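**Q**
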């Protein structure tokens, strides 16, 4: 299964993950 | 160099025309394969089709939805108690499940594989990070980035349309202006009028529960009234209807409005939003405010992963659009080969807003997990009925305004469990 998030955020929003990285619930994705 | 240039003899050779023609064919083929072939219907909207190599078409010919339902049925069969620990340990070792963090830890308590698949985790097993956006699920990040020209990059070189994914800008749905969020402080809200979305204005005593008709003639979301949960059918969740008909699928909190309002106002401050009311027909088109971008991230949940999903941010879910679709596998292998995978598959688009503007979360089903559960949505049933009744791109819509009339949707805090994927 897959989850797609689409959202509006300021230009300077940054992702703190990389493609292929394993993540857990609650882990920081971006700020 | 000068001497070589001047003294080297020039010889001419005939190139076979066939070689030239072959070269042209190769160039043309490469151009075609990299160009996006867009088929549009008479309204000019892209028609999403099954596109990809031949084996994708073979898979597409399989009765995936029926296979998924059979798989779901088999996994709902109760297992003998003595076999459960053995079976689930084998499953856990094959798919890499961590049995230390599940709740309950006693494997005999899971009557079927379906129950084990939808297992809970111990409290505290997933701490929530201090960031505006956290992961909604255990899984692997497939792709992320900024949305350009309304298209999301599925994998390198393959994109799908944001409109198709979220059911935006569909024919017959009125256009809507963007959602405005001036960043007022909450205490300011408490003691004076506030202008809100699309010119609907609320006075304080309306906020506190004594609505009076406002100048624009609408004191409560009128488009909402015929579909509110007050009609029994909607409340019992039997009212998921066709495109264009809306149902209030949320579970209302208690009916004493002022208390609800008090809760909503405190919840509003918690999710960082201003109490407001949007016109029902919002979300047919999303315009990003100046200074903002629209971002996306795709997370793939592997079979062994914890399959409940949580709120990735503090936001308010206003509505959901259930797209009946196929149930292709959504593994990275398939994502690389099947274009438009995420707009072909069965999915539930949860649309709402957070403090920066538009926010949406789209759980996408797959062959083994065709059932998507949303905890606050009794009306939702996925993977039922035949796909033929629901052409690609159509959806049934429900709104959640009853959950929080003031926030006009279901407020969620970051890390709160929202639902999950079930087998079949």
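Residue numbers (our numbering), protein chains in the order written: chain E, 438 to 468; chain D, 6 to 429.
Think of the CB as a built atom: it goes at the ideal place given N, C-alpha and C, for glycine as much as any other residue.
Remember, predicted model here, so these are calculated numbers, not experimental data.
1. Tell me the rounded alpha-carbon separation between residue 117 (chain D) and residue 449 (chain E).
2. Determine the DSSP secondary structure at residue 421 (chain D), reduced to helix, strand or coil.
3. Taking all protein chains shown into account, decide if residue 378 (chain D) is buried (16 or more other Cβ within 10 angstroms of its Cβ) or exposed.
4. Give a yes or no on whether 7 Å exceeds the smallest Cβ distance from residue 468 (chain E) to chain D.
5. Tell whether a beta-carbon distance below 7 Å holds between residue 297 (chain D) and residue 357 (chain D).
6. For the beta strand (DSSP E) containing residue 362 (chain D), list its first residue and its last residue.
7. What's the call for residue 302 (chain D), buried or exposed, on a 16-neighbour Cβ count within 10 Å?
8. Beta carbons nearer than 9 Å to chain E: which residues of the segment 311 to 333 of chain D have them?
9. Determine the contact status of residue 76 (chain D) and residue 425 (chain D), defining contact as a CB-CB distance below 7 Å.
10. Taking only beta-carbon positions, decide if residue 368 (chain D) is within less than 7 Å of chain E.
11. Going straight from the alpha carbon of residue 347 (chain D) to that of residue 20 (chain D), what length do you get?
12. If contacts are defined as beta-carbon pairs under 8 Å, then residue 322 (chain D) and residue 355 (chain D) qualify, I think. What distance do you get, rounded to the angstrom?
13. Can you check whether the C-beta of residue 131 (chain D) is within less than 7 Å of a C-beta belonging to chain E?
14. Nearest chain E C-beta to residue 293 (chain D) closer than 7 Å, yes or no?
15. Strictly below 7 Å CB to CB, what residues from chain E border residue 140 (chain D)?
16. What whole-angstrom Cβ distance do residue 372 (chain D) and residue 343 (chain D) have, given they're in contact under 8 Å?
17. For residue 326 (chain D), collect the residues of the same chain with a Cβ closer than 8 Å to its Cβ; drop the 5 residues on either side in sequence, then sort them by chain order.
18. State the DSSP-derived secondary structure class of residue 73 (chain D), mapped to helix, strand or coil.
**A** Taking the coordinates as given:
1. As a position in the second chain, residue 117 (chain D) is number 112, starting the count at 1. As a position in the first chain, residue 449 (chain E) is number 12, starting the count at 1. Taking the straight line from one Cα to the other gives about 47 Å.
2. Within the second chain, residue 421 (chain D) is the residue found at index 416, counting from 1. Residue 421 (chain D): coil per DSSP, three-state reduction.
3. Counted from its first residue, the second chain places residue 378 (chain D) at position 373. Residue 378 (chain D) should be labelled buried.
4. As a working mapping, residue 468 (chain E) is identified with position 31 in the first chain. True, the Cβ-Cβ gap to chain D drops below 7 Å.
5. Translated into the one-based positions of the second chain, residue 297 (chain D) becomes position 292. Translated into the one-based positions of the second chain, residue 357 (chain D) becomes position 352. Taking C-beta atoms as the reference points, residue 297 (chain D) and residue 357 (chain D) fail to come closer than 7 Å.
6. Within the second chain, the letter at position 357 stands for residue 362 (chain D). Residue 362 (chain D) -> beta strand (DSSP E) spans 362 to 369.
7. Reading the second chain from its first residue, position 297 is the one you call residue 302 (chain D). Around the CB of residue 302 (chain D), 16 or more other CB atoms lie within 10 Å, so the residue is classed as buried.
8. Residues of the segment 311 to 333 of chain D that bring their beta carbon within less than 9 Å of a beta carbon in chain E comprise 311, 312, 313, 314, 315, 317, 318 and 320, in sequence order.
9. Working through the second chain from its first residue, we reach residue 76 (chain D) at position 71. Working through the second chain from its first residue, we reach residue 425 (chain D) at position 420. Cβ atoms of residue 76 (chain D) and residue 425 (chain D): not closer than 7 Å.
10. What you label residue 368 (chain D) is simply residue 363 of the second chain in a count that begins at 1. With its beta carbon less than 7 Å from one in chain E, residue 368 (chain D) belongs to the interface.
11. What you label residue 347 (chain D) is simply residue 342 of the second chain in a count that begins at 1. What you label residue 20 (chain D) is simply residue 15 of the second chain in a count that begins at 1. Rounded to whole angstroms, residue 347 (chain D) to residue 20 (chain D) spans 47 Å at the Cα level.
12. Counted from its first residue, the second chain places residue 322 (chain D) at position 317. Counted from its first residue, the second chain places residue 355 (chain D) at position 350. That pair is a contact at about 5 Å.
13. Working through the second chain from its first residue, we reach residue 131 (chain D) at position 126. True, the Cβ-Cβ gap to chain E drops below 7 Å.
14. As a first step, residue 293 (chain D) must be located in the second chain, where it is residue number 288. Yes, because at least one Cβ of chain E sits closer than 7 Å to the Cβ of residue 293 (chain D).
15. Locating residue 140 (chain D) in the second chain gives position 135, where the first residue counts as 1. Here the neighbours are 460, 461, 462, 463, 464 and 466.
16. Taking the first residue of the second chain as 1, we reach residue 372 (chain D) at position 367. Taking the first residue of the second chain as 1, we reach residue 343 (chain D) at position 338. Not confirmed; about 12 Å, so no contact.
17. Reading the second chain from its first residue, position 321 is the one you call residue 326 (chain D). Taken in chain order, the residues that qualify are 171, 172, 353, 354, 356, 400, 401 and 402.
18. Along the second chain, read from residue 1 onward, the residue named residue 73 (chain D) stands at position 68. In the three-state reduction of the DSSP assignment, residue 73 (chain D) falls in the helix class.
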